[in-house]
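Worksheet: the structure to be examined is printed underneath.
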DNA sequence: AACACTTTTAACTGTTCAGTTAAATCGGGC
DNA sequence: GCCCGATTTAACTGAACAGTTAAAAGTGTT
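Protein chains in written order, with this note's numbering: chain A, 1 to 221; chain B, 1 to 221.
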């Protein structure tokens, strides 16, 4: 009854199978909608309607709603990791490398609002889906390793105070970069949009760099 | 058929009308559930079941689910404002006052996870309910005023660098305090619970104070 | 040409859930 | 004692929604 004798409308004749494309099409739309509406706020029927394929195929490939959500979460982390590979800190002093890392992280978060929203949603769910994913942990260990290396160099140079904790430092950089995106709606509603325009963001980025650097440097007056 | 001839079970005889108590009972349970499950994730039937009153009364007093959510959000902000009145910065230098403010804010956020979750949820919804509330804005203006006063004193003392923006400073203090609670689930799942135990939290609080202070102080090496 | 995997279609199931209805009773202020 | 607002109860409505079913036919591989 399908692929019918009447290939009217926009039904593609000479049609090719492409499971990967179908899956990634579903993931793309699902990411958009889960990030916009949360897990319970998203409708499978709406995902299906905006996909090139059908509701049936969502269940065929992803099992159920939670399975799809879990895959969306993993894909979001994977995509962000991919973007972080662009960062090159070779040949810089430890302080310059750290400044560049903070600045990059700040901007990278800004450019990934969908990812930020997925993490927010996952935090609302007490990270229960992230906890089950072995894929994701490795991504983030790399961030800590990179920081640990910078700290090691900074101590060797005598530029950084001793005893810095790379995980705490990552927490601080993340806090400043993440909050900037996650809490923009409420912050902007309460205090106006000034900090979120181009000048405001440049100022906040520079201040974040300054805060982190003055914290790790050795100078105690 | 009710208030029946048989006051068996725990039906309160000698029962008193008390609209305010009924409303605040509903708000208390609704806060707990909205904070736990979000707007679309919360069931009115579950709120009703855990209240001393009935589903009918929820609609009687709050109209609909969104009306109830909006009132819960306002109540959460009001309660947090109430807690902030405990902070006393009289007779301190600007630097000491700011240190105390950061430290207090960090701890105050930690003690208000329900409020934090409501703000997270509200950010997911692009602050659409907060925007409509005139009640809430005034709460937060006070925070800015308090900071502006500290900055003014710090500049007068010659202790702070000139040109500090109280809104940006509030953003920074909030980022460090808010992220600590909001992102604990994912951060802890990825990097372990170490930073969220008592020692870890003491360290993070101290480092937050240090970061803010070394950023506002005048010493440029 | 056989076989496994992929895709289409649309109706259907069963449940969950926000919001309603109705009639009755109760408390308290006037 | 009268009236109005507060409260109880439990069943009901109607829509939304996750997940299923079934039969058919396509693709790609060997």
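No residue lacks a Cβ here, since even glycine has one placed at the ideal position from N, Cα and C.
Helix, strand or coil at residue i according to DSSP, with G and I counted as helix
i: residue 111/B; result: coil
i: residue 98/B; result: helix
i: residue 194/A; result: helix
i: residue 174/B; result: helix
i: residue 105/A; result: helix
i: residue 188/A; result: helix
i: residue 122/B; result: helix
i: residue 169/A; result: helix
Run of the alpha helix (DSSP H) containing residue i, from where it starts to where it stops
i: residue 135/B; result: 134 to 157
i: residue 81/B; result: 65 to 84
i: residue 199/B; result: 198 to 216
i: residue 46/B; result: 44 to 50
i: residue 183/A; result: From DSSP, residue 183/A is part of no alpha helix (DSSP H); its letter is neither H nor E.
i: residue 127/B; result: Neither: residue 127/B is in no alpha helix (DSSP H) and is coded neither H nor E.
i: residue 160/A; result: Segment: none, residue 160/A is in no alpha helix (DSSP H) and carries neither H nor E.
i: residue 24/A; result: 19 to 37
Exposure label - residue i; buried when at least 16 CB within 10 Å
i: residue 198/B; result: exposed
i: residue 157/B; result: exposed
i: residue 185/A; result: buried
i: residue 69/A; result: buried
i: residue 43/A; result: exposed
i: residue 132/B; result: exposed
i: residue 24/B; result: exposed
i: residue 117/A; result: buried
i: residue 21/B; result: exposed
i: residue 17/B; result: exposed
i: residue 128/A; result: exposed
i: residue 54/A; result: exposed
i: residue 88/A; result: exposed
i: residue 138/B; result: exposed
i: residue 218/A; result: exposed
i: residue 189/A; result: buried
i: residue 49/B; result: exposed
i: residue 52/A; result: exposed
i: residue 141/A; result: exposed
i: residue 56/A; result: exposed
i: residue 202/B; result: exposed
i: residue 134/A; result: exposed
i: residue 74/A; result: buried
i: residue 216/B; result: buried
Would you say the stretch 113 to 129 of chain A touches the stretch 161 to 172 of chain A, given that touching needs at least three Cβ pairs under 8 Å? no
Would you be able to state if there are at least three C-beta pairs under 8 Å between the stretch 26 to 42 of chain A and the stretch 34 to 41 of chain B? The stretch 34 to 41 of chain B is in contact with the stretch 26 to 42 of chain A.
Counting pairs of Cβ atoms below 8 Å between the stretch 78 to 86 of chain B and the stretch 103 to 117 of chain B, do you hit three or more? yes
Counting pairs of Cβ atoms below 8 Å between the stretch 203 to 212 of chain A and the stretch 174 to 181 of chain A, do you hit three or more? These segments touch.
With three or more beta-carbon pairs closer than 8 Å as the criterion, would you say the stretch 147 to 154 of chain A touches the stretch 93 to 101 of chain A? The stretch 147 to 154 of chain A, when compared against the stretch 93 to 101 of chain A, does touch it at the 8 Å Cβ threshold.
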